[in-house]
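Trainee: In this note's numbering, the protein residues as written are 800 to 1051.
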Amino acid sequence: MIDAPIGRPVDLFALPPLAFLLDMTTRALLALAAVFDPLVPGAAAALAVVAVTVIVRMLLIPVGVSQARAEQTRARLAPQLRALQERWRKNPERLQSETMQLYRDEGASPFGGCLPLLAQAPVVGLLYAVFLHPVVGGHANLLLAHDLWGVPLGRSLVSALSTGTVDAATAAVIGGIVVVIAGVAELTRRLLRPAVDPSAPAWTGAMVGALQFTTAVVAVFVPLAAGLYLAVTTVWTLAQRLILRRRYPLPA
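Now the structure itself:
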């Protein structure tokens, strides 16, 4: 247990393992920024974040393939799942066991679509932490001196609004990122509509559609660097899913 002054939250990144990860992430981003600095001296650290995003997404391509297969399997099993719901609607425990057995028989998982989000969560968390800590590894965090078009990578739109430091550049850069994420979410909603389950309540469709835009809301609260990661990864996700949807089409 870590002691902390009353009223102040405990910094989990003070724990040795997380502190080490924070230090290594900061050093890696600074090293990438040094490589990109001769090419884009005003946005080297931002480009480093983009490069990290691309690397992470390339490593997650197998997970994306698994997600596409799982989505195809769920769509194919939809009639059987509806039949189970009709048969065992008054016995939730039996319904759950029969549903899991159906997925096991098919060699699939009902949670396959969550894997990309879960796999990326540590990366987003580290980027969030890196640009919130003024001191990392006992030294000043040099990444906080970097910006994108005049907006510090550690600034968030909410923090700028709450402190009264928001300016035209902050609103334009971070607002632009939020618009890009929301636009991609809308394209995803239109181009990759999930299979509709007639037995599901009508409100579930609206909820699924609204969830597409949660990333845009998150981008308002996180530092610009993390928002940049979210923007690049949402664009990548849409492109990847469109490609994989052609490879693993849903049943008509």
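Idealized CB from N, CA, C, for every residue including glycine.
1. What's the gap between the Cα of Pro933 and the Cα of Thr825?
2. Using only the alpha-carbon positions, how far apart do Val977 and Val935 sit?
3. Output the distance between the C-alpha atoms of Phe930 and Leu876, rounded to the nearest integer angstrom.
4. Counting along the chain, where does the alpha helix (DSSP H) carrying Ala882 start and finish?
5. So within the segment 942-966, which uninterrupted alpha helix (DSSP H) runs reach at least 4 residues, ignoring any that extend past its ends?
6. Buried or exposed: Ala920, going by 16 or more other Cβ atoms within 10 Å of its Cβ?
7. With burial defined as no fewer than 16 other Cβ atoms inside 10 Å of the residue's Cβ, what is the status of Ser961: buried or exposed?
8. I want to know whether the segment 861-874 touches the segment 891-908 - three or more CB-CB distances under 8 Å.
9. Could you give the C-beta distance for Pro1022 and Leu952, rounded to a whole number, given that I count them as a contact under 8 Å?
10. Who are the Cβ neighbours of Ala918 in its own chain at under 7 Å, not counting the five residues just before and after it?
11. Does the segment 963-976 come within contact of the segment 1040-1047, defined as at least 3 CB pairs closer than 8 Å?
12. Give me the Cα-Cα distance between Val928 and Ala984, rounded to the nearest whole angstrom.
13. Return the residue from the list Asp946, Met857, Arg886 and Lys889 that minimises the CA-CA distance to Val839.
14. On the DSSP bridge assignment, give the partners of Val935 in chain order.
15. For Ala818, collect the residues of the same chain with a Cβ closer than 7 Å to its Cβ; drop the 5 residues on either side in sequence, then sort them by chain order.
16. Going by beta carbon distance, what residues of the same chain come within less than 6 Å of Ala842, once the five residues before and after it are set aside?
17. With distances taken from CA atoms, which of Phe835, Glu897, Gly949 and Ala1030 is nearest Asp966?
18. Rounding to the nearest angstrom, what Cα-Cα distance links Ala882 and Leu901 in this structure?
19. How is the alpha helix (DSSP H) around Tyr1028 delimited, first residue to last?
20. Who are the Cβ neighbours of Trp1035 in its own chain at under 7 Å, not counting the five residues just before and after it?
21. Buried or exposed: Ala845, going by 16 or more other Cβ atoms within 10 Å of its Cβ?
22. Looking at Thr1014 and Leu784, is the spacing between their C-beta atoms short of 8 Å?
23. Check the C-beta distance from Val1031 over to Val849 and give it rounded, since I have them as a contact under 8 Å.
Mentor: Straight from the coordinates:
1. Looking up residue 933 in the sequence shown gives position 134. Looking up residue 825 in the sequence shown gives position 26. The straight-line gap separating the alpha-carbon atoms of Pro933 and Thr825 is approximately 11 Å.
2. What you label residue 977 is simply residue 178 of the sequence shown in a count that begins at 1. What you label residue 935 is simply residue 136 of the sequence shown in a count that begins at 1. Rounded to whole angstroms, Val977 to Val935 spans 28 Å at the Cα level.
3. Sequence index remark: in the sequence shown, residue 930 carries index 131 (1-based). Sequence index remark: in the sequence shown, residue 876 carries index 77 (1-based). When the Cα atoms are used, Phe930 and Leu876 turn out to be separated by approximately 44 Å.
4. Residue numbering aside, residue 882 sits at position 83 when the sequence shown is read from its first letter. Secondary structure note for Ala882: its alpha helix (DSSP H) is the uninterrupted segment Ile860 to Trp887.
5. Secondary structure within the segment 942-966: the alpha helix (DSSP H) runs of 4 or more consecutive residues, fully enclosed, are 956-962 (chain order).
6. As a first step, residue 920 must be located in the sequence shown, where it is residue number 121. By the 16-neighbour rule on beta-carbons within 10 angstroms, Ala920 is exposed.
7. Taking the first residue of the sequence shown as 1, we reach residue 961 at position 162. Label assigned to Ser961: exposed.
8. Result yes; three or more Cβ-Cβ pairs closer than 8 Å.
9. Taking the sequence shown and counting its residues from 1, the one referred to as residue 1022 is at position 223. Taking the sequence shown and counting its residues from 1, the one referred to as residue 952 is at position 153. The pair is a contact, with the Cβ atoms about 6 Å apart (cut-off 8 Å).
10. As a first step, residue 918 is located in the sequence shown; it is residue number 119 there, counting from the start. Taken in chain order, the residues that qualify are Leu859 and Val862.
11. Touching, no, given that fewer than three Cβ pairs across the two stretches are closer than 8 Å.
12. Residue mapping note: residue 928 aligns to position 129 of the sequence shown, counting from 1. Residue mapping note: residue 984 aligns to position 185 of the sequence shown, counting from 1. As written in the sequence, residue 928 is Ala, which differs from the Val given in the question. If I take the Cα positions, the gap works out to 25 Å.
13. Counted from its first residue, the sequence shown places residue 839 at position 40. Per the C-alpha coordinates, the member of Asp946, Met857, Arg886 and Lys889 positioned closest to Val839 is Asp946.
14. Here the question's residue 935 lines up with position 136 in the sequence shown. DSSP lists His938 as the bridge partner or partners of Val935.
15. In the sequence shown, counting from the first residue as 1, residue 818 sits at position 19. Shown here for Ala818: same chain residues with a beta carbon closer than 7 Å to its own, the five before and five after excluded, namely Phe812 in chain order.
16. Start at 1 with the first residue of the sequence shown, and residue 842 comes out as number 43. So the list reads Leu947, once near-sequence residues are dropped.
17. Position 167 of the sequence shown, counted from the first residue, corresponds to residue 966. When only C-alpha atoms are compared, the closest one is Gly949.
18. Numbered from its first residue, the sequence shown carries residue 882 at position 83. Numbered from its first residue, the sequence shown carries residue 901 at position 102. Linking Ala882 to Leu901 through their CA atoms gives a straight-line distance of about 12 Å.
19. Mapped onto the sequence shown, residue 1028 falls at position 229. Unbroken alpha helix (DSSP H) run through Tyr1028: Leu1023 to Arg1046.
20. Locating residue 1035 in the sequence shown gives position 236, counting from the first residue. Correct list, in chain order: Arg856.
21. Residue 845 sits at position 46 when you count from the first residue of the sequence shown. Burial check for Ala845: the Cβ neighbour count within 10 Å reaches 16 or more, so the residue is buried.
22. Only positions 800 to 1051 of the chain appear in the structure, and residue 784 is not among them; the question remains open.
23. Within the sequence shown, residue 1031 is the residue found at index 232, counting from 1. Within the sequence shown, residue 849 is the residue found at index 50, counting from 1. The beta-carbon separation of Val1031 and Val849, rounded to 6 Å, stays under the 8 Å limit for a contact.
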